[in-house]
Amino acid sequence: MQKYSVFSLIKNAFSDHQNWEVAWKDPTPKKEYDVIIIGGGGHGLATAYYLAKEHNITNVAIIEKGWIGGGNVGRNTTIIRSNYMHDDNALFSEFGMDLWRKMSQDLNYNVMFSPRGIINLAHSDAQMNAYSRRGNSMRLNGIDAVLLNREEVQKLIPMADFSDNVRFPIFGGLMQPSAGTARHDAVAWGYARQADSMGVDIIQNCEVTGFDVTNGKILGLRTSRGDIKAKKVGLCVAGSTNILAEMLNMTLPIETHLLQACVSEPVKPLLDHVVTFGAGHFYCSQSDKGEMVMGGDLDGYNSYSQRGNLPTLQHVLTEGIAMFPFLSKLKMLRTWGGIMDMSMDGSPIIDKTHIDGLYLNCGWCYGGFKATPASGWTFAHTIAQDRVHELNAGYSLNRFNTGDLIDEKGLGTKTWIS
Amino acid sequence: MLYIFCPHCGLRSQNEFAYGGDATVKRPELNKEISDQDWDNFVYLRKSPRGKHLELWHHISGCRQWIKVERDTSTHEIFKTYKADELTE
Chain W
1 MQKYSVFSLI
11 KNAFSDHQNW
21 EVAWKDPTPK
31 KEYDVIIIGG
41 GGHGLATAYY
51 LAKEHNITNV
61 AIIEKGWIGG
71 GNVGRNTTII
81 RSNYMHDDNA
91 LFSEFGMDLW
101 RKMSQDLNYN
111 VMFSPRGIIN
121 LAHSDAQMNA
131 YSRRGNSMRL
141 NGIDAVLLNR
151 EEVQKLIPMA
161 DFSDNVRFPI
171 FGGLMQPSAG
181 TARHDAVAWG
191 YARQADSMGV
201 DIIQNCEVTG
211 FDVTNGKILG
221 LRTSRGDIKA
231 KKVGLCVAGS
241 TNILAEMLNM
251 TLPIETHLLQ
261 ACVSEPVKPL
271 LDHVVTFGAG
281 HFYCSQSDKG
291 EMVMGGDLDG
301 YNSYSQRGNL
311 PTLQHVLTEG
321 IAMFPFLSKL
331 KMLRTWGGIM
341 DMSMDGSPII
351 DKTHIDGLYL
361 NCGWCYGGFK
371 ATPASGWTFA
381 HTIAQDRVHE
391 LNAGYSLNRF
401 NTGDLIDEKG
411 LGTKTWIS
Chain C
1 MLYIFCPHCG
11 LRSQNEFAYG
21 GDATVKRPEL
31 NKEISDQDWD
41 NFVYLRKSPR
51 GKHLELWHHI
61 SGCRQWIKVE
71 RDTSTHEIFK
81 TYKADELTE
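So the protein lines, in turn, are chains W and C. With my numbering, letter number 365 in the first sequence gets 365, and the count goes up by one each step, no holes. With my numbering, letter number 7 in the second sequence gets 7, and the count goes up by one each step, no holes.
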């Protein structure tokens with residue numbers, strides 16, 4: 001594989017950038033693989049990469065119905081954080097933060113990781129108390145957390161509404177300085193390029209139409225490009241999890257819902273951090289191109305449509321304007337939607353299933369992008385070793401049966417309420 | 001914008017309604033021995049189909065009645081709506 005560097009850039013400039021190697025191949029599916037990962041999104045590509053890199057399993061295929069990076073890894077708001085209170089989430093995410101910091105070097109691909117810090121705004125004394133508790137829990141798990149008072153927040157984000165007659169005055173906030181953003185497409189492409197170079201087949205435009213399960217063991221897949229045998233199969237299909245589960249006669253603690261995001265026209269740099277509104281569901285950051293990147297609530301009813309509905313967007317942006325009044329002056333550049341695998345306790349599932357050789361990775365709710373490296377790493381471990389790693393032991397499928405839920409937000413099973 | 005036909009009030013915009021989730025989920029019968037699996041099925045497990053989905057909506061800014069709506073989850077087409085106690089096809 002051609003190494004990307006300033007020298008390769010200069011060298012290729014002389015040939016008008018016409019001679020770059022393709023970043024990944026377009027192979028025909030083989031008859032059989034050791035491992036097939038269904039879903040060529042961030043998590044699937046990362047899983048294949050860590051299977052090859054950490055476990056030396058390279059007879060691997062990624063099967064993708066569309067094109068790689070066309071699902072949620074290309075539709076998120078690029079936020080990376082580990083500001084969780086519960087141990088399972090905190091330790092898993094913080095492990096991921098380490099992988100994020102090393103990712104550009106590790107993948108020889110600039111993922112533009114930008115640890116600019118995330119600020120969760122608080123709008124009441126009770127919320128300050130709750131953030132203080134969460135911040136302390138984070139620090140006990142070795143994660144950086146700073147509780148900010150009103151004046152400290154005002155220094156960092158003076159453009160927020162600090163006037164006196166607002167419905168939700170800013171009391172302060174909880175900041176994780178090491179959180180940030182990364183270029184989402186680059187993450188997918190970086191993992192794809194490295195996985196491909198280690199022998200993984202990335203098979204696009206290939207839809208799974210059925211599974212070959214005999215005597216409780218997975219033997220292979222039926223796809224739109226023919227049957228493929230596999231010793232092990234991993235599902236990494238986010239919002240499409242229930243569609244595949246139905247083919248497997250499985251019912252899961254997952255509902256598929258639509259989440260929208262949008263960007264404004266680009267403006268000069270004014271927002272240095274990722275900021276979340278504490279009295280509703282709205283978050284905002286500024287991209288390197290200057291666009292304000294915004295998101296918030298689910299559309300609120302089961303949906304596979306991958307496109308949003310205006311009432312929710314209007315609601316979310318109303319909250320945005322309450323937080324940052326200047327947003328009302330900006331034109332909207334783009335809006336889009338992605339379908340989320342909403343789990344019943346708000347935490348993901350990375351586990352084996354009752355079918356021998358079939359592994360499940362789903363339930364990422366709002367937080368799939370930031371989990372990409374840690375999810376791939378632990379899922380690769382779970383598949384390769386046929387047992388969960390201690391980092392994803394809490395993300396078991398049967399926790400809904402045993403009662404060991406990880407209900408970070410205390411929302412319960414109404415997954416569409418945020 | 002979805003427009004939902006409330007069997008009590010007529011056609012109204014989605015802004016008047018609150019979503020109530022899968023309407024096919026049945027609570028286990030009272031005063032009977034119930035296995036953990038039955039509870040699991042009731043509380044947590046959902047089919048979440050792509051296509052026709054029978055779901056509960058609450059006409060919270062209208063007549064405040066719960067209704068059942070048969071809707072396509074990929075096109076958002078609404079096929080039929082029912083009163084909460086009405087039998088569905």
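Note that CB positions come from ideal geometry on N, CA and C, so glycine has one too.
Asked	Found
Alpha carbon of residue 28(W) to alpha carbon of residue 205(W), nearest angstrom	11 Å
Amino acids of chain W, ordered along the chain, whose beta-carbon sits closer than 7 Å to that of residue 14(C)	311
Helix, strand or coil at residue 121(W) [DSSP, three-state]	strand
Inter-stretch contact (C-beta, 8 Å, three-pair minimum) for the region 57-75 of chain W and the region 126-133 of chain W	no
Beta-bridge partners of residue 13(C), as assigned by DSSP	3(C)
Contact list for the region 46-68 of chain C against chain W, Cβ threshold 9 Å	46, 47, 48, 49, 50, 51, 53, 55 and 57
Residue from 111(W), 410(W) and 236(W) with nearest C-alpha to residue 65(W)	236(W)
DSSP bridge partner residues for residue 170(W) (one or two, in chain order)	Its beta-bridge partners do not exist; DSSP assigns none.
Residues within the region 69-86 of chain C neighbouring chain W, beta-carbon criterion of under 8 Å	71, 73, 74, 75 and 76
Which of helix, strand or coil DSSP assigns to residue 14(W)	coil
Check whether residue 257(W) and residue 340(W) have beta carbons under 7 Å apart	yes
From 342(W), 361(W) and 344(W), residue whose alpha carbon lies closest to that of residue 350(W)	361(W)
DSSP three-state assignment for residue 377(W), whether helix, strand or coil	helix
Chain W contact residues for residue 19(C), given Cβ-Cβ distances below 9 Å	300, 301, 302, 414, 416 and 417
Within 7 Å, strictly: CB atoms of residue 373(W) and residue 99(W)	yes
Beta-bridge pairing of residue 359(W) - partner residues as DSSP gives them	234(W) and 352(W)
Exposed unless 16 or more other CB atoms sit within 10 angstroms - verdict on residue 292(W)	buried
Top-ranked residue by Cα proximity to residue 386(W), from 358(W), 368(W) and 413(W)	358(W)
4 or more residues per run - each alpha helix (DSSP H) lying fully within the region 222-302 of chain W	241-247
Unbroken stretches of the alpha helix (DSSP H), 4 residues or longer, contained in the region 40-73 of chain W	42-55
Residue nearest to residue 275(W) in terms of C-alpha spacing, selected from 413(W), 265(W) and 322(W)	322(W)
Residue range of the unbroken beta strand (DSSP E) whose run includes residue 68(C)	66-72
Validate contact between the region 114-127 of chain W and the region 87-95 of chain W using beta carbons, cut 8 Å, 3 pairs	no
Local Cβ density within 10 Å of residue 430(W), reported as buried at 16 or more and exposed below that	With chain W covering only 1 through 418, there is no way to say anything about residue 430(W).
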